[in-house]
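These notes are about the structure you will find just below.
Numbering (the UniProt record's numbering), first residue to last: 1 to 280.
Next up, the structure:
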């Protein structure tokens, strides 16, 4: 949630300052009817903007050409954490399953595999298009590498911020439900508690986003610690818990290796992210 607040604060002000120099001139916008569909369209616009506008930026905005084809750099583990953050969407599984007209495991598997594959292609396309241009100057929010007054990029910034506006309520809902189930499972619904938990969650995320505008650090920290645990540690741990046999068997060994990889990435990514933040 904090990362989404940082993204909103990192993108929308550029659009507002470009379109409406005076705050009093901002018109009232109607509510969007289909936020999820518009969010998907927004992501397509963002990717196309990076692919098209990246090669056209001025030479002074480009990064160092030397070493851009190197296999890995010192921040490899933080990068794994950021990628993990992007692909950790376990909490949407039940919502996706229930949205199917005929909810079956085979249909659910088809949807998840296609959506994950398309997301992977979009990430690779945007990552290559952005990094090959900006290299060592690449920022946590790639849109910040472009000029503030670029109208096409400002459209992409608006789409990015709007996408976070539609995503933030879903994330807050998940966090609130986890708190309700874990701490108040045997208690009846309380409107007062409902409002208090929601306010604390949204307020806490907003405070963090006000403290830092470094999206890269937020994604590295949250991705390196929580996303790696959700992606590489807890699922195989559940698999080991539900299966029997020696840990070195062909059936269970991949899960053990995945857990070991996740633990290494979690500790290294978290430690390196905090160390980098302390050093400034």
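Ideal placement from N, C-alpha and C gives every residue a C-beta, glycine not left out.
Span separating the alpha-carbon of residue i from that of residue j
| i | j | result |
| --- | --- | --- |
| residue 197 | residue 97 | 27 Å |
| residue 11 | residue 253 | 44 Å |
| residue 233 | residue 38 | 33 Å |
| residue 182 | residue 260 | 27 Å |
| residue 116 | residue 88 | 10 Å |
| residue 154 | residue 130 | 16 Å |
| residue 61 | residue 279 | 25 Å |
| residue 109 | residue 18 | 43 Å |
| residue 174 | residue 149 | 37 Å |
| residue 243 | residue 90 | 21 Å |
| residue 141 | residue 111 | 29 Å |
| residue 40 | residue 114 | 14 Å |
| residue 201 | residue 172 | 7 Å |
| residue 73 | residue 190 | 50 Å |
| residue 210 | residue 50 | 27 Å |
| residue 176 | residue 255 | 30 Å |
| residue 212 | residue 276 | 14 Å |
| residue 25 | residue 14 | Here residue 25 scores only 49 on pLDDT, less than 50, and its place in the model should not be relied on; the value that follows carries that caveat. For residue 25 and residue 14, the distance between alpha carbons rounds to 15 Å. |
| residue 160 | residue 42 | 7 Å |
| residue 185 | residue 192 | 16 Å |
| residue 263 | residue 229 | 8 Å |
| residue 122 | residue 188 | 44 Å |
For residue i, the three-state DSSP class (helix, strand or coil)
| i | result |
| --- | --- |
| residue 157 | helix |
| residue 67 | coil |
| residue 94 | helix |
| residue 166 | helix |
| residue 78 | helix |
| residue 252 | coil |
| residue 184 | coil |
| residue 189 | coil |
| residue 272 | helix |
| residue 58 | coil |
| residue 194 | helix |
| residue 42 | helix |
| residue 30 | Any reading at residue 30 needs caution, since the residue's pLDDT is 39, under 50, leaving its predicted position unreliable; the model's value is listed next. Here residue 30 sits in coil by DSSP. |
| residue 172 | helix |
With 16 other Cβ atoms within 10 Å as the buried cut-off, status of residue i
| i | result |
| --- | --- |
| residue 82 | buried |
| residue 236 | buried |
| residue 222 | buried |
| residue 133 | buried |
| residue 266 | buried |
| residue 53 | buried |
| residue 271 | exposed |
| residue 106 | exposed |
| residue 298 | The requested residue 298 is not part of the displayed model; the chain covers only 1 to 280. |
| residue 145 | buried |
| residue 216 | buried |
| residue 295 | One cannot answer for residue 295 here, as it falls past the ends of the chain, which runs 1 to 280. |
| residue 44 | exposed |
| residue 120 | exposed |
Distance cut-off 7 Å: residue i Cβ against heavy atoms of the ligand SAM
| i | result |
| --- | --- |
| residue 138 | For the structure depicted, the ligand SAM is absent and the ligand set is empty, with no information on it obtainable. |
Short CB-CB distance (under 8 Å) between residue i and chain B
| i | result |
| --- | --- |
| residue 77 | Given the protein chain composition of this structure (a single chain), no chain B is represented. |
>> In chain order, what are the residue ranges of uninterrupted alpha helix (DSSP H) at least 4 long that sit wholly in the region 201–242?
In response: 215–222, 234–242
>> For a minimum of 4 consecutive residues, which ranges assigned as the alpha helix (DSSP H) are wholly contained in the region 84–146?
In response: 93–99, 105–134
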